[in-house]
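Undergrad: First residue of the sequence shown: 134, per this note's numbering; consecutive thereafter. By construction, the Cβ of each residue, glycine as well, lies at the ideal position given by its N, Cα and C atoms.
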Amino acid sequence: MEKLYRQYKRLLLTLAYQMTGTWTDAEDAVQDVFLKVYDVIPAGLTEEPKAYLCKMVVNRCRDLYKSARKRRERYVGEWLPEPIPTSEDEPLDFIVRDELLSYATLVLLEKLSPAERAVFVLREALGIDYAGIADIIGKSEVNCRKLFSRAKGKMDIVEAEPVNAQTDREAWIRRFVTALEQDNTEQVISMLADDVVLISDGGGKVFAAVRPIAYRDAVSKFLFGSFHKSFRYEGGIQLEMSEINGQTGVIIRLEEQVDSVALIHTEGHSIRNIYIIRNPDKLKFFRH
134 MEKLYRQYKR LLLTLAYQMT GTWTDAEDAV QDVFLKVYDV IPAGLTEEPK
184 AYLCKMVVNR CRDLYKSARK RRERYVGEWL PEPIPTSEDE PLDFIVRDEL
234 LSYATLVLLE KLSPAERAVF VLREALGIDY AGIADIIGKS EVNCRKLFSR
284 AKGKMDIVEA EPVNAQTDRE AWIRRFVTAL EQDNTEQVIS MLADDVVLIS
334 DGGGKVFAAV RPIAYRDAVS KFLFGSFHKS FRYEGGIQLE MSEINGQTGV
384 IIRLEEQVDS VALIHTEGHS IRNIYIIRNP DKLKFFRH
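#1: Count the other CB atoms, across all protein chains shown, that sit within 10 Å of the CB of TYR150; report buried if there are 16 or more and exposed otherwise.
#2: Quick one: complete alpha helix (DSSP H) runs, 4+ long, within the stretch 293-370?
#3: Rounded to whole angstroms, what is the Cα-Cα separation between PHE357 and LEU241?
#4: Given 8 angstroms as the limit, is there contact between the stretch 279-288 and the stretch 248-260, that is, 3 or more CB pairs closer than that?
#5: Checking the sheet assignment: what are the DSSP bridge partners for THR381?
#6: Could you tell me which of ARG193, GLY382, GLU221 and ASP158 sits nearest to VAL166, measuring between CA atoms?
#7: Measure how close the beta-carbons of ILE266 and ASN378 come, nearest whole angstrom, since I'm counting them as under 8 angstroms.
#8: Within 8 angstroms, do at least three Cβ pairs link the stretch 384-393 to the stretch 185-199?
#9: When you compare only the Cα positions, how much space is there between LEU145 and ARG230?
#10: Does DSSP put THR157 in a helix, a strand or coil?
#11: Nearest by alpha-carbon distance to PHE418: which of ASN406, GLN390 and HIS398 is it?
#12: Using the beta-carbon count (16 or more within 10 Å), is ALA237 buried or exposed?
#13: Quick one: Cα of GLY430 to Cα of VAL329, how far?
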């Protein structure tokens, strides 16, 4: 059992994290699965260990996700997935980086039913074929294809041209951050899409916009307003580029303490979404 745990832990945590959107629930799901099979090893575990463990984790995550959705109905303001650091020098080395969906996609997953979410994550993140997915979630291949198609429709996924390579994306985001630091309103506005949306998550514990902020003028005013307020802190504000959820993100520090994490989603050569996570419960990996 220890061998199986070491072999599949990273895969299962990556799956569970994207099924639930929180690292705590992901760890609980994987731990619960291995505790369940520790004493009595099912036949399926020895015959097809990867598929069997994925099936158990998906089922456990679906249960956790249903209860989490009820809690989120009482959540103060907008709820965003917990971000995770993924740069090579970070201690969080039990994630399969190549099997992570983008943060913007994680946000969109909240629109899906548990079954749709399971099919989408298994197909898009883990690359499992429909026969394998059908076995994992207990539905026919035809139904799995329908669930995947329905999920993409709900998420309104557009195959937009990216800002070329990751290095170009980093340079693009760096220019945006520099424009903010230099108080260059014109440059910031020019980089925002007309219908850009900013979502911030404070969880009722710190200040954050309780509703999404839409359109470039309103978003730019919010960004510069927040930036200018930081000047009252003696140590000022520091913006640090870092890899978060497999993409370029920004760690925001006030007086050298991590205040928030921002992820920027681009489509073409415009910024479509900005996600700012301020809830301290979701920043534990960035405050070590």
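TA: By the coordinates alone:
#1: Here TYR150 is buried: its Cβ has 16 or more other Cβ atoms, across all protein chains shown, within 10 Å.
#2: Those alpha helix (DSSP H) runs which fall completely within the stretch 293-370 and span 4+ residues are 299-314, 318-324 and 349-362.
#3: Taken atom to atom, the span from the alpha-carbon of PHE357 to that of LEU241 is near 26 angstroms.
#4: With the cut-off at 8 angstroms, the stretch 279-288 and the stretch 248-260 touch.
#5: Per DSSP, GLU376.
#6: VAL166 has its Cα closest to that of ARG193, out of ARG193, GLY382, GLU221 and ASP158.
#7: Going by Cβ atoms, the distance from ILE266 to ASN378 rounds to 23 angstroms, so no, they are not a contact pair.
#8: These segments do not touch.
#9: Between LEU145 and ARG230, the alpha-carbon positions lie close to 13 angstroms from each other.
#10: DSSP places THR157 in helix when its eight states are reduced to three.
#11: With respect to the C-alpha of PHE418, the residue from ASN406, GLN390 and HIS398 having the closest C-alpha is GLN390.
#12: Buried.
#13: A question about residue 430 goes unanswered here, because the residues of the chain that appear run from 134 up to 421.
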